[in-house]
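Please read the structure below before turning to the comments.
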Amino acid sequence: MNRLTPEHLKALREQYPRGCRVRLNHMNDPYRPDLKEGSLGTVIRVDDIGTIHVVWDCGSSLGVAYGVDFCTVMKSEGVKRDD
């Protein structure tokens, strides 16, 4: 299991703030054929173990598991912050 330091978790939350749009690069879940490379979604939060919780445009709300699945930020304008 990949462990996050508090500093790395803070950086991950800054990289994936609530409201940012992401593109799925890889997800290791054979039971979700609707979530493919290139799927788009909106981040709702990053939890304490680094899972990026996303509401995907296809209707799924499956999280991106830290160190297993990968996504990238698409744009940053109009991002809502929890400050």
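In terms of numbering that gives the first Met the number 0, the sequence shown has 70 at position 71, counting the first letter as 1, and numbering is strictly consecutive. Ideal placement from N, C-alpha and C gives every residue a C-beta, glycine not left out. Bear in mind that the values here come from a model prediction, so they are computed numbers and not experimental data.
Skipping 5 residues on each side, what residues in its chain have a beta carbon closer than 8 Å to that of residue 8?
Contacts found: 45, 47, 49.
Would you report the Cα separation of residue 30 and residue 64, rounded to the nearest angstrom?
Approximately 15 Å between the Cα atoms of the pair.
Where does the unbroken alpha helix (DSSP H) through residue 12 begin, and where does it stop?
Run containing residue 12: 5 to 14, per the alpha helix (DSSP H) assignment.
Tell me, which residues are paired with residue 45 by DSSP?
Answer is 51, bridged to residue 45.
Simplified DSSP assignment, three categories, for residue 27:
Of the three classes helix, strand and coil, the one that applies to residue 27 here is coil, per DSSP.
To which residues does DSSP link residue 67 through a beta bridge?
Looking at the DSSP assignment, residue 67 forms no beta bridge with any residue, so it has no partner.
Rounding to the nearest angstrom, what Cα-Cα distance links residue 23 and residue 38 in this structure?
Distance between the alpha carbons of residue 23 and residue 38 is about 5 Å.
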